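Each residue of the sequence shown is one higher than the one before, counting from 34 in this note's numbering. Note that the Cβ used here is the ideal one computed from N, Cα and C, for glycine as well. Just so we're clear, the structure is a prediction, and the values are computed from it rather than from any experiment. Please read the structure below before turning to the comments.
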Amino acid sequence: MLCQICEYLDDPKNQGLRLWENDNLVLFLHLAAINPGHCLLVPKKHAVSINSIPNNVQAELLSLAPQLAQAVSRAVDADGYNIYIANGPVAGQSIEHAAVHLIPRHIDDGFSFALRNNENTIDIEDFKEKLLKRL
Ligand SMILES: [Zn+2]
């Protein structure tokens, strides 16, 4: 069974909705947009998480995202943009297909990631040791 994004990409009637693509990636309008022009940049080959994409495709995805986000932003006369990756349901990933959100932003558009300003109470030495073991 195909995931929603693979199904969307495979559907012949959606081919015209592709805004840009190369051998590994495709850019298309997000159907649940935060702002007009909100796009998803995804690998053509199914991958659930950003970490499960082959390294060469992951590098391509992450290196092209700023250029494409800037173009998307300029195309809708936005004041800036967000590049957003939700990895895992707890991070807001709602479809099991890795995606980079390119979100045009406008002054007073009412959208916010509302970052918290909590003190980072983690023990840095313990954290560093655990982190380095996992690289
Ligand atoms: Zn998929």
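Endpoints, alpha helix (DSSP H) assigned at residue i
i: Ile-157; result: 157 to 166
i: Leu-42; result: 37 to 43
Residues that residue i bridges to, as DSSP identifies them
i: His-134; result: Leu-73 and Tyr-117
DSSP-derived helix/strand/coil call for residue i
i: Asn-151; result: coil
i: Gly-143; result: coil
Test: residue i CB closer than 8 angstroms to a CB of chain C
i: Ala-147; result: The structure shown contains no chain C; it holds only a single protein chain.
Whole-number beta carbon distance between residue j and residue i, since they are thought to touch under 8 angstroms
i: Ile-136; j: His-71; result: 5 angstroms
i: Gln-103; j: Tyr-114; result: 7 angstroms
i: Gly-78; j: Val-59; result: Strictly speaking, residue 78 in this sequence is Lys, with Gly absent from that position. That pair is no contact at about 11 angstroms.
Original post:
Where are the beta strand (DSSP E) runs, 3 residues long or more, that stay fully inside the stretch 52 to 129, in chain order?
Top reply: 58 to 62, 72 to 76 and 113 to 117
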